[in-house]
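Numbering (my numbering), first residue to last: 3 to 357.
Right, here's the structure in full:
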């Protein structure tokens, strides 16, 4: 990769494989938090996604008569698979992650010509296809395993994903049947359902999943904080630019604060918005994709603010509780226009007119 400066260009020393490895490394704290709160399901999903992603990457590059080992070894397919696997419910059926990985690699990446040519974030393409096509499977989040009487072991996790039952014959719904229903969904899912029943926001915030001192609330909060730590590490390593996540989080804070102040029964607190769902994941690991994000400094601010605004609108008025994936894909469409109108003026521009 080259620094965006006028010629002569100086190589930054950042190779694609090295960048991908740093991003993967930065995701490990959030992965550890997911395993701690939701069990080993996410590890199995990652293994399935990575295996299929590498196979697809190898097969497609072979068909395109490209050096397969070169493209497989850049770790981009592995990163896409990990992002997708960490975004879906840990105990979704095995075919869900396989379908999503196929759509991410083929429809989101290789139909455009491979890495560097894609218009949309590949992982979000796969995620949105799954969310629209299989809404039941994509909303089947388990509550934190600390709330379960019999937390699933590694072998139970394998059984739930491949057969739908544990070694003892319990399904996912049976495992969580003893827990209040609101804790078996994400906080944003619960909020959306709560408001559809015309309940008040004050009552919602007293529910266990939104209480800071409960395992249900802390699970999502700590996962988002882990993504925040990983994102700050990437900024420190100069792997990603800080403008896009900052603009996104500032915009969300401003508009969600306004909704929280004037929204009455149709909003939850902006702090809950920031530490729920895929907020930090989206801000630091998805919106900052160098291929599908603007290249201009001003464009990064506009891009992040646009994603933040779209997330707020989708969460407030849409049917989907999170909205990060849809917001990123919609903002990806605008990237060429954003770059067009935020290009820095070339030194000496306009002098020739005076001559």
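All C-beta atoms in this analysis are idealised placements derived from N, C-alpha and C, irrespective of residue type, glycine included.
For residue i, report the span of its alpha helix (DSSP H) as first-last.
{"i": "residue 255", "result": "245-264"}
{"i": "residue 109", "result": "Counting along the chain, residue 109 falls outside any alpha helix (DSSP H), and DSSP gives it neither H nor E."}
{"i": "residue 303", "result": "299-319"}
{"i": "residue 84", "result": "78-89"}
{"i": "residue 343", "result": "326-343"}
{"i": "residue 116", "result": "From DSSP, residue 116 is part of no alpha helix (DSSP H); its letter is neither H nor E."}
{"i": "residue 131", "result": "124-135"}
{"i": "residue 161", "result": "156-164"}
{"i": "residue 293", "result": "Taken as a continuous stretch (DSSP letters only), residue 293 belongs to no alpha helix (DSSP H), as it is neither H nor E."}
{"i": "residue 71", "result": "70-74"}
{"i": "residue 149", "result": "Looking at the DSSP string, residue 149 is not in any alpha helix (DSSP H), and its letter there is neither H nor E."}
{"i": "residue 173", "result": "It is not in any alpha helix (DSSP H) - residue 173 carries neither H nor E in the DSSP assignment."}
At a threshold of 7 Å, does residue i count as lining the ligand GDP (C-beta to nearest heavy atom)?
{"i": "residue 110", "result": "No copy of the ligand GDP occurs in the structure displayed, which carries no ligand at all."}
So, are the CB atoms of residue i and residue j less than 8 Å apart?
{"i": "residue 42", "j": "residue 159", "result": "yes"}
{"i": "residue 291", "j": "residue 123", "result": "yes"}
{"i": "residue 246", "j": "residue 300", "result": "no"}
{"i": "residue 70", "j": "residue 18", "result": "no"}
{"i": "residue 129", "j": "residue 83", "result": "no"}
{"i": "residue 103", "j": "residue 149", "result": "no"}
{"i": "residue 47", "j": "residue 85", "result": "no"}
{"i": "residue 139", "j": "residue 106", "result": "no"}
{"i": "residue 286", "j": "residue 229", "result": "yes"}
{"i": "residue 162", "j": "residue 153", "result": "no"}
{"i": "residue 164", "j": "residue 96", "result": "yes"}
{"i": "residue 29", "j": "residue 76", "result": "no"}
{"i": "residue 40", "j": "residue 146", "result": "yes"}
{"i": "residue 345", "j": "residue 294", "result": "no"}
{"i": "residue 101", "j": "residue 132", "result": "yes"}
With burial defined as no fewer than 16 other Cβ atoms inside 10 Å of the residue's Cβ, what is the status of residue i: buried or exposed?
{"i": "residue 335", "result": "exposed"}
{"i": "residue 183", "result": "The predicted position of residue 183 is uncertain, since its pLDDT is 48 and thus under 50; a value taken from the coordinates is nonetheless stated next. Per the 10 Å Cβ criterion, exposed."}
{"i": "residue 111", "result": "buried"}
{"i": "residue 175", "result": "exposed"}
{"i": "residue 274", "result": "buried"}
{"i": "residue 258", "result": "buried"}
{"i": "residue 34", "result": "exposed"}
{"i": "residue 125", "result": "buried"}
{"i": "residue 143", "result": "buried"}
{"i": "residue 283", "result": "buried"}
{"i": "residue 66", "result": "exposed"}
{"i": "residue 319", "result": "exposed"}
{"i": "residue 36", "result": "buried"}
For my contact list, residue i and residue j are in at a C-beta cut-off of 8 Å; report their separation, rounded to the angstrom.
{"i": "residue 279", "j": "residue 326", "result": "7 Å"}
{"i": "residue 251", "j": "residue 276", "result": "7 Å"}
{"i": "residue 306", "j": "residue 263", "result": "Rounded, the Cβ-Cβ distance is 23 Å, inconsistent with contact."}
{"i": "residue 87", "j": "residue 51", "result": "4 Å"}
{"i": "residue 244", "j": "residue 237", "result": "5 Å"}
Task: 4 or more residues per run - each alpha helix (DSSP H) lying fully within the stretch 17-67 - done: Taken in chain order, the complete alpha helix (DSSP H) segments of 4 or more residues contained in the stretch 17-67 are 18-40 and 43-65.
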